[in-house]
Amino acid sequence: MIFKNRDKDMCNGPIFGKMILFALPIMAMNVLQLLFNAADMVVVGRFSGKEALAAVGATGAIINLIVNLFMGLSVGTSVIVAQDCGAGRPDAVSRSVHTSITISIIAGVFVMLLGLILCNPLLIMMGTPLDIIDLSALYLRIYFLGLPASMIYNFGAAILRAVGDSRRPMYYLLAAGIVNVILNLYFVIVLHMSVDGVAWATVISQYLSMLLVLLCLIRNKEESIRLTLKRMRIDRRKLIQIIRIGLPAGLQGLLFSISNVLIQSAINSFGSAMVAAGSAAGNIEGFVATSMNAYYNAAITFTGQNMGAKKYDRIDKVAKICTILIFVTWIVLGGLTMIFSRPLLTIFTSDPEVIRLGMIRINVLMIAYFTCGIMNVYPGLTRGMGFSILPMICTLVGACLMRIVWLATVFAWFPTVLMLFACYPVTWALAGIGQVISFFYARKKVRQRANCN
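Using the working numbering, you'd call the opening residue of the sequence shown number 50 and step up by one each time.
Dropping the structure here:
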């Protein structure tokens with residue numbers, strides 16, 4: 050370890066308490082992000098109507114499709130910085146930091162241009178209902194202007210989390226989110242804007258979070274992660290290391306998003322009420338999902354630092370704790386979501402058909418949501434050990450390919466709402482089994498390599 054602060058030392062002392070302290074700010078950050086996204090949906094749904102709500106909801110799969118490939122590179126940043134940190138290599142950490150921020154700037158501009166070019170063709174390809182397609186296109190064109198800021202923030206936050214600082218990214222997101230909500234209300238209620246007002250509020254808040262994380266890195270007391278303009282360049286060796294871990298993670302996100310685009314297309318075939326229901330229910334389910342995703346980030350950092358420090362026994366403890374946390378979160382949050390699904394959905398809309406469809410989705414997904422947690426968290430353990438292709442293959446086969454098979458067979462034979470939503474838990478379970486097997490394979494290889502050395 051290169052930091053004196055014990056809170057950032059994942060390689061010594063009790064793991065459970067440190068993991069909880071590390072994961073809670075990430076969980077809070079994820080929940081805040083969802084609250085702010087939900088605020089977008091509530092404001093636009095209540096003050097601009099069902100069509101505007103559906104229009105924003107129909108864009109999620111496209112945004113994830115275009116963004117996830119490059120966001121996956123930030124996973125490579127987390128792993129490499131964490132491993133260098135655990136191994137006590139400050140110069141290597143510094144080179145990773147400057148390479149990562151440089152990559153984020155280039156990737157952000159590229160993804161923005163790609164999104165602006167592809168948004169209309171993708172909306173048409175997905176069969177977006179004609180009564181909302183123009184609003185969806187307007188929202189996307191504005192939203193993509195904020196992608197450079199979003200990319201830089203996510204890479205900067207990944208750097209801070211990799212060295213054990215999960216609190217400041219949360220503070221920055223909180224500040225940006227409050228601004229986002231205030232601007233939402235002002236643009237939509239006062240200026241009578243629609244989806245364009247929500248989109249502009251999001252873009253402005255993204256640039257604020259970017260500014261805050263950059264200032265944190267520039268003014269950081271730890272020299273190894275301090276960002277300086279004169280060192281802003283791409284280190285070839287670090288680039289290769291980041292791509293080796295991050296590209297498979299990005300491809301996994303991309304492939305997963307493609308399967309979600311196909312599901313969204315099937316949702317679109319039921320009409321705008323179904324699109325609105327999926328959007329509202331998805332925001333509610335997200336509180337459970339993002340809570341579990343905090344354990345994914347913890348798994349990467351704790352596994353990566355202990356991998357760098359060659360403390361392999363602690364990786365097993367990290368895996369056990371992550372598994373326990375997944376099941377506890379599923380029982381508590383998943384149960385509450387099912388119990389209060391109706392009142393939660395009424396926050397977004399008063400349309401009875403939208404509420405009915407949303408309740409079907411929530412009940413089908415929540416009953417087996419622990420499988421989603423396993424599928425999402427275990428790749429963090431495997432990637433932290435330096436194995437990134439295995440999780441990608443598991444997601445490709447277990448989730449993406451099987452979703453295509455499900456839609457082409459089961460859903461084609463029984464084209465009902467229930468059969469469509471059942472696609473999620475079935476493919477989560479298949480991918481989750483593969484991710485657990487991948488973890489134990491990577492664990493075995495790491496120990497064999499250590500014994501040989």
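Heads up, the beta-carbon is just placed ideally off N, CA and C, and yes, glycines get one too.
- A direct Cα-Cα distance of roughly 25 Å separates Thr-352 from Arg-285.
- Considering only Ile-154, Asn-355, Ser-254, Leu-165, the residue with the shortest C-alpha distance to Ser-185 is Leu-165.
- With respect to the 8 Å criterion, Ala-298 and Val-146 are not classified as neighbours on the basis of their beta carbons.
- The beta carbon of Asp-140 is closer than 6 Å to none in its chain, skipping five residues each way along the sequence.
- Annotated as distal: Cys-265 and Val-212, with beta-carbon spacing of 8 Å or more.
- Non-local C-beta neighbours of Trp-455 in its own chain, meaning closer than 6 Å and more than five positions away in sequence, comprise Cys-472, ordered along the chain.
- In the structure shown, Met-259 falls within a helical segment according to DSSP collapsed to helix, strand and coil.
- Phe-85 and Ser-143 have their alpha carbons spaced roughly 33 Å apart.
- Ile-150 and Phe-204 have their C-alpha atoms spaced approximately 7 Å apart.
- For the pair Asn-342 and Met-76, the Cα-to-Cα distance works out to about 8 Å.
- For Thr-151, the enclosing alpha helix (DSSP H) begins and ends at 139 to 174.
- Counting along the chain, Ser-199 sits inside the alpha helix (DSSP H) bounded by residues 196 to 211.
- Under a 10 Å Cβ-count criterion, Gln-290 is classified as buried, with 16 or more other Cβ atoms of the shown protein chains found around its own Cβ.
- Of the residues Ile-409, Leu-223, Pro-401, Thr-277, the one whose Cα lies closest to the Cα of Met-468 is Ile-409.
- Across the set Gly-331, Glu-272, Lys-493, the C-alpha of Gly-331 shows the shortest separation from the C-alpha of Leu-102.
- For Arg-268 and Gly-483, the gap between their C-alpha atoms comes out near 43 Å.
- By the Cβ rule, the region 360 to 380 does not count as touching the region 309 to 320, because fewer than three pairs are nearer than 8 Å.
- Secondary structure at Thr-177: coil, using DSSP grouped into helix, strand and coil.
- Contact annotation, Val-252 with Ile-154: C-beta distance approximately 17 Å; criterion of less than 8 Å not satisfied.
- For Gly-335, the closest of Tyr-361, Ser-199, Leu-414, Asn-346 by C-alpha to C-alpha distance is Leu-414.
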